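Engineer: Top line first, the protein sequences correspond to chains A and B. In terms of our numbering, the first sequence opens at residue 1 and continues consecutively. In terms of our numbering, the second sequence opens at residue 1001 and continues consecutively.
There are 2 protein chains.
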Amino acid sequence: MSNKDRYFMQRAIDLSRKGMQSNEGGPFGAVVVKDGKIIAEGNNCVTSTNDPTAHAEVVAIRNACKKLNAFQLDGCTIYTSCEPCPMCLGAIYWARPEKLFYACSKQDAAEIGFDDAFIYKELNLAIPDRTLKTVQLMNKEGKEVFEEWATKTDKVKY
Amino acid sequence: MSNKDRYFMQRAIDLSRKGMQSNEGGPFGAVVVKDGKIIAEGNNCVTSTNDPTAHAEVVAIRNACKKLNAFQLDGCTIYTSCEPCPMCLGAIYWARPEKLFYACSKQDAAEIGFDDAFIYKELNLAIPDRTLKTVQLMNKEGKEVFEEWATKTDKVKY
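1. Taking Ile1061(B) as part of the alpha helix (DSSP H), name the residues at either end of that continuous run.
2. Kindly indicate which residue of Arg1096(B), Ser1105(B), Pro1086(B) and Ile1092(B) has the alpha-carbon position closest to the one of Tyr93(A).
3. By the criterion of Cβ-Cβ separation under 7 angstroms, what are the contact partners of Glu122(A) in chain B?
4. Should Tyr993(B) go down as buried or exposed, given a rule of 16 or more other Cβ atoms within 10 Å for buried?
5. Using a Cβ-Cβ cut-off of 9 angstroms, state whether Ile39(A) counts as contacting chain B.
6. Report yes or no: is there a C-beta of chain B within less than 9 angstroms of the C-beta of Ala117(A)?
7. Measure the alpha-carbon distance for Gly1154(B) versus Glu111(A) and round it to whole angstroms.
8. If you follow the alpha helix (DSSP H) that Ser22(A) is in, where does it begin and where does it stop?
9. To which residues does DSSP link Tyr79(A) through a beta bridge?
10. To be precise: take each residue of the stretch 1094 to 1110 of chain B, compare its Cβ to all Cβ atoms of chain A, and keep it if any distance is under 9 angstroms. Which residues remain?
11. Three-state secondary structure (DSSP) at Gly90(A)?
12. Does DSSP classify Asn1043(B) as helix, strand or coil?
13. Check distances from the C-beta atoms of the stretch 49 to 67 of chain A to those of chain B and list, in chain order, the residues that come in under 7 angstroms.
14. Starting from the C-beta of Gln107(A), find all residues in its chain whose C-beta is less than 7 angstroms away, skip the five residues before and the five after it, and write them out in chain order.
15. What first and last residue would you give for the alpha helix (DSSP H) that runs through Lys1121(B)?
16. Would you call Thr53(A) buried or exposed, if buried means 16 or more other Cβ atoms sit within 10 Å of its Cβ?
17. For Val145(A), report the span of its beta strand (DSSP E) as first-last.
18. For the stretch 1019 to 1027 of chain B and the stretch 37 to 46 of chain A, state whether three or more C-beta atom pairs, one from each stretch, are separated by less than 8 angstroms.
19. Using DSSP with H/G/I as helix, E/B as strand and the rest coil, what is Ile1038(B)?
20. Let me check understanding here. Comparing Cα to Cα, which of Asp116(A), Phe28(A), Ala103(A) and Glu57(A) lies closest to Glu1141(B)?
21. Determine the DSSP secondary structure at Gln72(A), reduced to helix, strand or coil.
22. Leaving out five residues on either side along the sequence, give the residues of the same chain with a beta carbon under 7 angstroms from the beta carbon of Lys4(A).
23. Quick check: Ala56(A) and Gly19(A), are their CB atoms within less than 9 angstroms of each other?
24. Do you know how far the Cα of Glu1098(B) is from the Cα of Cys1065(B)?
25. Which same chain residues, not among the five before or five after Ala40(A), have their C-beta less than 6 angstroms away from its C-beta?
26. Taking DSSP's pairing of strands, which residues face Val1135(B) in a bridge?
27. Could you name the residues of the same chain whose beta carbon sits closer than 8 angstroms to that of Asp1051(B), not counting the 5 residues immediately before and after it, in chain order?
28. Between the Cα of Met1001(B) and the Cα atoms of Lys1152(B), Phe1101(B) and Asn1124(B), which residue gives the shortest distance?
29. To the nearest whole angstrom, what separates the beta carbons of Ser105(A) and Ile13(A), a pair I think is in contact under 8 angstroms?
30. If we ignore side chains and look at the alpha-carbon of each, how far apart do Asp1115(B) and Phe118(A) end up?
31. Can you tell me whether Asp1154(B) is helix, strand or coil according to DSSP?
32. Could you name the residues of chain A that Pro1027(B) contacts, counting a contact when the two beta carbons are closer than 8 angstroms?
33. If you follow the alpha helix (DSSP H) that Asp108(A) is in, where does it begin and where does it stop?
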């Protein structure tokens, strides 16, 4: 671990504490680093902003992309105070940073009541076996739009 | 499939087409329904808003929660034009709606270049085996904040 790594992770942890103490949300913080500098920060704001997607990593990614005017985090590193939940890990894969550091594990999170494990497990179940009742309908109508996308000439891929 | 289900899914599909045609993002749309009425809508806006998390479901969930002044979608149903990616499915589990309908499958999405399958696969790998380089550090310092959360008396759980 380099001194820089320690510095950036300490900042993510400081954000996790600050957000918790000010009742913005759960005890989670994250920063996005590019070229040796923090370009964006985030902490969990789920309960204070009524946004279930406002996890620290998602907030930091949104802020970083806004700053970079880009929908990808090329050459960036994310430091997060806790191993990402499936939503955040999905968001990180879509944002495509170079590297990810985390401090607490998902087991640590489960111990204080954040049971990502349930969501990880559900994602792996076949649709009929999931707790969330999930039904497919109108596949034909939906696919017509996909076919338009396939032949669209001015699309921006992501 | 009821007439209402058909109506709501058609709206999600219409949003997927509209967003694509206006170059807001990929061909995906979603609506949130409560008490037999659409309370919020969304379509993919990743490339037009530089937000990699602005998938249709995430946008619709954020809008619905804002409308309900709540961080959960109690009693709501989500209609989405495509089976959710891991990020969106994670967001849906955190939002806790009652039911989910989808039109296109993730295989349909892969066929037009949206390979959620890669992300689903990565989520299941042990951390050292993932494509995204991921390293744990400062676990002790991170966990100190979790211990504060555990004993915090005025926390809002979610």
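Where is the CB? At the ideal position from N, CA and C, for every residue including glycine. Nothing here was measured: the structure is a model prediction, and the numbers come from that model.
Structural biologist: In short, the structure shows the following:
1. Ala1056 to Leu1068
2. Pro1086(B)
3. Tyr1093
4. In the structure as shown, chain B starts at 1001 and stops at 1158, and residue 993(B) therefore has no counterpart that could be examined.
5. no
6. no
7. The sequence as given places Asp at residue 1154(B); Gly does not occur at that position. About 18 angstroms.
8. Here Ser22(A) belongs to no alpha helix (DSSP H), and DSSP marks it neither H nor E.
9. Val31(A) and Phe101(A)
10. Trp1094, Ala1095, Arg1096, Pro1097, Glu1098, Lys1099, Leu1100, Phe1101, Tyr1102, Ala1103, Cys1104, Ser1105, Asp1108 and Ala1109
11. helix
12. strand
13. Asn50, Asp51, Pro52, Thr53, Val58, Ile61, Arg62, Cys65 and Lys66
14. none
15. Asp1116 to Asn1124
16. buried
17. Careful: Val145(A) lies outside any beta strand (DSSP E), inside the alpha helix (DSSP H) at Asn139 to Thr151.
18. no
19. strand
20. Ala103(A)
21. coil
22. Gly36
23. yes
24. 14 angstroms
25. Val32, Ala60, Asn63, Ala64 and Lys67
26. Phe101(A)
27. Cys1045
28. Phe1101(B)
29. Going by Cβ atoms, the distance from Ser105(A) to Ile13(A) rounds to 14 angstroms, so no, they are not a contact pair.
30. 24 angstroms
31. coil
32. Val145, Phe146, Glu148 and Trp149
33. Lys106 to Glu111
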